[in-house]
Amino acid sequence: MKSTRLVTALAAAGLVAAAPAVAQQTVKFPNIIELSGAGATVGTNWRNGVELAVSEINAAGGILGRKIVTEHVDTQSNPGTARAAIQRALDDNPVVIFGPIYSGSVKATMQLTADAGVPQIIGGEAADLTAQGSKFIFRTSFGQNVSMPKLANYLRDEVKAKSVAVIYVNNDFGKGGRDAIMKELQARNIKVAADLSTESGQADFAADVIKIKAANADAVFVYLNEEESARFLREVKKQGVSLPLVGETTLLGQKVIDLAGDAANGVRGHVGLTVDAPVPAMQEFGRKFQAKYNYKPDHNGVKGYIAPYMVKAAAEKAGKLDPKAIASALHGLTITPDKTPGILIEATWDTTGEIDRISFLAEVQNGKQVITKTLPKLKP
Amino acid sequence: MGEFIQLVVTGLTTGAIYALAAIGFTLLWQTSQTINFAQGEFVMLPAFFALAAMNVLGLPFSLAALVAIALSVLVLGVVFKTVVVDPLIRQGVLPLVISTIAVALLLKDGVKEVYSAEAQPFPSFVPDTVVTVLGTPVSLSQLGVLAVALAVIAALQGFLGGTRTGRQMQATAQNPTVARILGVPVERMVMYTFVINATLAAVASLLISPIYLAKFSNGEHLGLAAFVAAIVGGFNQVRGAIAGGLLVGVVDNLAAAYVSAAYRQAVPLALLVLIILFRPQGLLGRREERAV
Amino acid sequence: MKARLPLLALALVAVALVVAPLGLQRYGTYILTLWLVTSIAAMGVNLIVGYAGQETLAQAAFLGIGAYTTALLTGAGVPFGLAFLASGALAFCVGILIGFPALRVRKHYLAFVTLAFTVLVWLVIRNEQWLTGGVMGMNVRRPGLGEINLRNHQNFYWFVLAITAALSFALWWIVRSPWGRAFTALRENALRAESLGVDVRLYTLLAFAIGCAYGGFAGALFAPLVGFIDPAPFALAPSLLFLLMVVVGGAGSFAGPFVGAAVAVLLPEWLRFAQGHYLIIYALLVIVMMAFCPSGIVGLVRRLVALRPKPSTADAPAAPAKEAA
Amino acid sequence: MASVLEVRNLSKRFGGITAVDDVSFDVHEGEILGLIGPNGSGKSTLFNCILGQLAPSAGEVRVDGHGVTGLRPSELNRRGVSRTFQLLQVFPKLTVRENLILAGQEHQGRMLARLFGKRDAGLTAQADRMIAFFRLSHLAEETAGSLSYGQQKLLDAAMAFMAGPRLVLLDEPAGGVNLTMLASLKERLHAINAEENATFVVIEHNMEFVMSLCSRILVLAEGRIIAEGAPEAVRRDPRVIEAYLGH
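Residue numbers (the numbering used here), protein chains in the order written: chain D, 828 to 1207; chain P, 19 to 310; chain S, 43 to 367; chain U, 2 to 248.
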């Protein structure tokens, strides 16, 4: 009697769920990122970070019993292409979407995910991304609205600069950072001695460095992409400039150090995420990444790595792999490394999708990033 | 004033490299009516030959540089001429233009897929030591680049003007039909120009890559600069290309410093448009009278 | 029979295009619409390159002029229809302005001037943030059309299809008119055309400006299709790709731009596995095609069809002006 | 007799070389004027200067008494001056009929009417008349590129006469044409001269052809006119013989 009922129940379940049962073994996470074009370095780091985390999660049994399948799609660092790719991904009703990393591409796509009600875990750092009222945008790193005040404090308190020359790259990343830092510098009465726009992909920085020399500032704030940062640092060294060079995360990243060689030594600034952080879990991640991909990850590698763990923690809190449930679970959620080791550092998301966690001040010494100070969470 | 001089000197350095690319550009145009839209990629590629020689074959940089020049002569000179240009020369200029655009795409994406999408550090012949000359810090590597580029240009001028083959090449460039009647082996001379173009491109590549870092997309900027330099200087004159290259390098630097960094690219292009409007034969070019 | 066969084929293609989105999801429809928009711009390039024998490296810039004009005008409350016409008209006028000086001098100088123009337009779009949103781009709302909701992807597709059909008809009319004959004449032999009273400079300028206007029209549709515009799609590299796609499709044949745009837009979707290698294959294809079949895919197909034994040879190497695919 | 074309003191210099040196002559209505001279004597340069293809260094050109110096070839053509070329110049991908329609279309209507207006306006009929006149009717639908060399020469000439010009300049119409075709060409040119009172100037190397076609001949050597007169007189002129043999 008991067994018949079980059989009927199984049969009924089988009838209803026979076809989806196979599909339910896996869950697809579309990963829409910059794999070519200007953002290739950024996107490759992020992709490898995602892959590493996904393989760990799958090895440990997946999320709520379902294995993750990732599909990497190249935006060619182009917002229009990113938009099309997200549209395509949304046609499959995904649980979550990863990427893009470039803020312009995020801006071009966030309306789509908001309309579809699918959480979008982004790498973008433009200040206004979280200010547009989307309930489905989640950062993996500080927005410029968070990092620039920290950096401006650093310029005032540690560098003790009265005037600063700003050089930025004229794209969504650089322009956004430049606008944010200008506001913060003004608020702290630090004079802007030069405000230099450069091209994305610019190869020749001779004229810019000459102008910086002529500006007579106490320090230079450098906000360029990786390759341009390296070219700029080389040119600075070539022209024998000895001003403090201050930057945010990117400037102190491993890629810049590799490309700039000696010229990177002495560069300092604020770093949101780094595998050189004095946090054992972070350093362990760095080693695993290095072992698998044979290079040292930058902050985008870390951002990619924590993205699947964010979804895991949120889905486990919500108890289901449902886009809207995951989004609402993430709002106000604090993920701690003791429960979810993959998050590496304790992090909290507010209701706009902004992230809060500790960050670092660092300096490049002998071709290595060295952490000099740890800054606490904004709201501990 | 010190700032101005420094801007001019660094402008001349990059300008000398543009000139190398622009000379090849005009030579190809003169001898085979090839408007080479892949000229920038021709300067991008040899650096990767050198990198491959160093990283795959484990050669020292000096040998790798020679390998890069040799491979360039083969691939960008001989192969480019026989495989791409020769079959198309009869089809007229437009198909050839299209084909060189495709070659540019092929080289760019080929390097990206085969080697790497990311920029690569590239060694320099001369160390980055800074010396102070008359109170202005000048980098030895910059002076080295300028010296090598000018030496190569001088050698080329000497070859074109001072040797029998050089004069035959010039005759071919000026008027292939007459040259043929005068007994110049025109076909061979055309091949020589392709070889010279490839060599110049390789030298430019080895000089510029330490500054630019080796990257698949470097050709976009370099190609445009060479193109503008060639037209501004005078499409039918080697010395026009030299002057055009130096001028574009200096103008670019001065524009970045004194006009607007955001519109620095616009200044050489505006120069190009003005030249086309008011002096279509270029600054140093000869006027060509043609029916219609 | 001879006249009826192309008509029948045309009707079949038309029906297929109308029903196409019924089986497709949002993304598929998006790609199909993108193909139509690209085809419009490519038709313009074809008029300039294929019919009039000039070289343009600026079609993406005109696409941009159209896209930003439409985005700004509709953003300011101007009805889409008006913005659409304004986009084409502005592109036409700018075409006249840059074509006029360029065509005074030698032939390839139009290529040089359009190249410079493309970069300049891109710089303006990127730097004048107050107007264009600069590198941050700007969002574009899809227009309404009376009762019809164009936010629906299928409705928008049919809307674009109707405009494409209208613009195709207009171009067909032009190339079959005495203008078209004059365009062909100046491509084939400008010297002779001039001596027969054909004002080569005026006709070249007209062909160029009309081609540019098609770029502007395409841009006016591109902006609401993508819903977001930024400087990237209007740079020099996409302009070069426009030129390539027309040549690959078949410069100087009416169907060429549609085929070329399909190769450029649809093929990468089907060849997703090839990903990064796609452009390499494409570039190789162009080089080989230029050497062996400069008349493009349409020319290749026509050659293959001509290989079949046929009773009449009358329409084998038809003049472009006679084609109506 | 009214002058259709007046050339006054025309000179053309290329750098240091004077290709046409102070040339003056008239062409009268209804005549066939021959222009001969050794290679390099400046015949084609003179033609190109008259037709606006080259800008003369000095001098003046008048058509029916109106100054046309410096006009572009297309404007000159619409004022009734047409030409053929030394080397074959037809539109190979257009049909014979389309070649002729093209040659006529710019002479009627306004620019916009050519786009929106009636397509034909008698052009096809006129084209077919020219085709018939030059005995090419059986080839009307063929593309010009598929015609034989001689047939293309006929078509080239037909195009020059299509719009009923005041004056036609023929640059070596006989060059490379075989004997039968040559006879037919000469016969047709005579016919059109007789029937339509057409005026033309012919540059030609084929002496027999030019002597039998033209009513008056100018001889050019080193950029100057050295002799002028009826064919027989020119043929015997010692200066002409010297100019041809001396080089």
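For glycine and all other residues, C-beta sits at the position ideal for the given N, C-alpha and C. Everything numeric in this text was worked out from a predicted model, so none of it was measured.
By DSSP, does residue i sit in helix, in strand, or in coil?
i                         : result
glycine 38 (chain U)      : coil
arginine 1184 (chain D)   : coil
serine 117 (chain P)      : helix
threonine 19 (chain U)    : strand
glycine 146 (chain U)     : helix
arginine 225 (chain U)    : strand
isoleucine 199 (chain P)  : helix
tyrosine 995 (chain D)    : strand
methionine 163 (chain U)  : coil
asparagine 1193 (chain D) : coil
lysine 1200 (chain D)     : strand
isoleucine 890 (chain D)  : strand
tyrosine 133 (chain P)    : coil
Does any C-beta atom of chain S lie closer than 8 Å to the C-beta of residue i?
i                          : result
isoleucine 132 (chain U)   : no
isoleucine 193 (chain U)   : no
arginine 966 (chain D)     : no
phenylalanine 92 (chain U) : yes
arginine 9 (chain U)       : no
alanine 219 (chain P)      : no
glutamate 59 (chain P)     : no
arginine 915 (chain D)     : yes
Should residue i be flagged as near chain U, meaning a C-beta pair shorter than 8 Å?
i                        : result
tryptophan 221 (chain S) : yes
threonine 226 (chain S)  : yes
Report the rounded CA-to-CA distance for residue i versus residue j, giving the unit in angstroms.
i                        : j                           : result
leucine 1171 (chain D)   : threonine 111 (chain S)     : 48 Å
alanine 293 (chain S)    : arginine 874 (chain D)      : 41 Å
leucine 88 (chain U)     : valine 203 (chain U)        : 14 Å
asparagine 905 (chain D) : threonine 957 (chain D)     : 21 Å
isoleucine 73 (chain S)  : leucine 267 (chain S)       : 10 Å
glutamate 238 (chain P)  : cysteine 335 (chain S)      : 28 Å
valine 166 (chain S)     : valine 177 (chain S)        : 11 Å
arginine 111 (chain U)   : glycine 106 (chain S)       : 33 Å
alanine 40 (chain P)     : alanine 222 (chain P)       : 10 Å
valine 168 (chain S)     : phenylalanine 250 (chain S) : The amino acid at residue 168 (chain S) is misidentified as valine; the sequence shows arginine. If you take the alpha carbons of arginine 168 (chain S) and phenylalanine 250 (chain S), they lie about 25 Å apart.
glycine 58 (chain P)     : threonine 118 (chain P)     : 11 Å
leucine 55 (chain U)     : proline 203 (chain P)       : 33 Å
Report the partner residues of residue i according to the DSSP bridge assignment.
i                        : result
isoleucine 924 (chain D) : D:Gln947
alanine 59 (chain U)     : U:Ser12
valine 202 (chain U)     : U:Leu34 and U:Leu170
serine 157 (chain P)     : P:Val148
Considering only residues of the same chain and omitting the five flanking positions on each side of residue i, which have a CB-CB separation below 6 Å?
i                           : result
alanine 137 (chain P)       : Leu231 and Lys233
leucine 263 (chain S)       : Val79 and Val202
lysine 1151 (chain D)       : Gly944
leucine 89 (chain P)        : Phe67
phenylalanine 296 (chain P) : none
Compare the C-beta of residue i against all C-beta atoms of chain P and say whether one is closer than 8 Å.
i                           : result
asparagine 88 (chain S)     : no
phenylalanine 104 (chain S) : no
Does any residue of chain D have a CB that is nearer than 8 Å to the CB of residue i?
i                     : result
tyrosine 72 (chain S) : yes
Do we get a CB-CB distance below 8 Å when we pair residue i with the residues of chain C?
i                        : result
isoleucine 107 (chain P) : In the structure shown, chain C does not exist; the protein chains are D, P, S and U.
Starting from the C-beta of residue i, find all residues in its chain whose C-beta is less than 7 Å away, skip the five residues before and the five after it, and write them out in chain order.
i                       : result
proline 232 (chain U)   : Met212, Cys215 and Ile218
leucine 30 (chain P)    : Leu164, Leu264, Gly267 and Val268
glutamine 188 (chain P) : Leu178
Residues in its own chain within less than 8 Å of residue i by CB, not counting five upstream and five downstream?
i                      : result
tyrosine 281 (chain P) : Ala273
leucine 1211 (chain D) : Residue 1211 (chain D) falls outside the range modelled here, since chain D spans only 828 to 1207, and no answer is possible.
valine 849 (chain D)   : Legend: pLDDT at valine 849 (chain D) = 47, less than 50; position of this residue unreliable, no value from coordinates given.
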